[in-house]
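**Student:** Offset between the sequence shown (1-based) and my numbering: plus 119.
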Amino acid sequence: MLPKQNLDRLNSFHCNFFGAGESTTDLSSGIIQGRIPGGVAILWHKDYDPFISVVRLNVDWCIAVKIVMDDKVFMILNIYMPYESQQNEDEYLAKLGFLSSFISQCEFNCVFTVGDMNADISDTRSTFGQHLIQFCVNNNLVLTSKEILPADSHTYVSEAWHSTSWLDRCIRTEDA
């Protein structure tokens, strides 16, 4: 957990790296109870700092960097989406809508979205998985992680249920 009060520590994890992030946790209100959701960060080697601009989207679940190197311009968004449950479905769809709007308004064509999508597209019973697939279809996005990694890949292991799932993804625009 990295609370809002400690986001500046992203620049001190290692002497060769800089970082930026957003947090859902604010310790100024006192004791935190229950499961703490979200928060995202992006770190980059300090040698690349002249090419990188942090893009704040004014949300606590997404951070972005714009990278300009020679004639190449692209953006990387790191996101954290809500876990799959019926009570989170409207929020999940609203965040997909936010991403759709943001990506469509970018002035360049190369956008990568990475992070915890909390959607298992390999499980046909996963409502969020179906929403994510439809989001990609509607926005002409490519599930890059599905293209380049084996089908039995996973990013989450449930020791309680003795199962695995693939919740973290990389999605890109067609030109990226």
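A virtual CB, placed ideally from N, CA and C, is assigned to each residue, including glycine.
Keep in mind it's a predicted model, so treat the numbers as computed, not measured.
(1) How is R244 classed by DSSP in three states: helix, strand or coil?
(2) Is it true that the CB of Y211 sits closer than 8 Å to the CB of G234?
(3) According to DSSP, is E293 helix, strand or coil?
(4) Just tell me which of V187, E278 and R244 has its CA closest to the CA of E226.
(5) Pairing CB atoms from the segment 121-136 with CB atoms from the segment 159-176, are three or more of them under 8 Å?
(6) Count the other CB atoms within 10 Å of the CB of D189; is the residue buried (16 or more) or exposed (fewer)?
(7) Exposed or buried, which one is A139 when buried takes at least 16 other CB atoms within 10 Å?
(8) Express the C-alpha separation of D209 and D145 in angstroms, rounding to a whole number.
(9) Compute the beta-carbon to beta-carbon distance between T246 and E203, rounded to the nearest angstrom, for a pair I have assumed lies under 8 Å.
(10) Start and end of the alpha helix (DSSP H) containing Y211?
(11) Figure out for me which residue from S219, I171, V192 and L196 has the closest Cα to the Cα of A183.
(12) Note down the Cα distance separating S148 from E293, rounded to an integer number of angstroms.
(13) Is DSSP giving H250 helix, strand or coil here?
(14) I need the straight-line Cα distance from C229 to N130, nearest angstrom please.
(15) How far does the beta strand (DSSP E) with R175 in it reach, from first residue to last?
(16) With respect to the beta strand (DSSP E) encompassing E141, which residues constitute its N-terminal and C-terminal limits?
(17) I need the DSSP call for C229, collapsed to helix, strand or coil.
**Tutor:** Let me lay it out:
(1) It is coil, neither helix nor strand.
(2) Contact: no.
(3) Three-state DSSP puts E293 in coil, outside helix and strand.
(4) The shortest Cα separation from E226 among V187, E278 and R244 belongs to V187.
(5) These segments touch.
(6) Label assigned to D189: exposed.
(7) Counting Cβ neighbours within 10 Å, A139 comes out buried, since at least 16 surround it.
(8) The alpha-carbon separation between D145 and D209 amounts to approximately 24 Å.
(9) In this structure T246 touches E203 by the C-beta definition: roughly 7 Å separates them, less than 8 Å.
(10) From DSSP, the alpha helix (DSSP H) with Y211 extends over E208 to Q224.
(11) When only C-alpha atoms are compared, the closest one is L196.
(12) S148 and E293 have their C-alpha atoms spaced approximately 43 Å apart.
(13) When DSSP states are grouped into helix, strand and coil, H250 belongs to the helix group.
(14) Roughly 26 Å between the two C-alpha positions.
(15) From DSSP, the beta strand (DSSP E) with R175 extends over I171 to R175.
(16) For E141, the uninterrupted beta strand (DSSP E) run begins and ends at F136 to E141, by DSSP.
(17) In the structure shown, the three-state DSSP call for C229 is coil.
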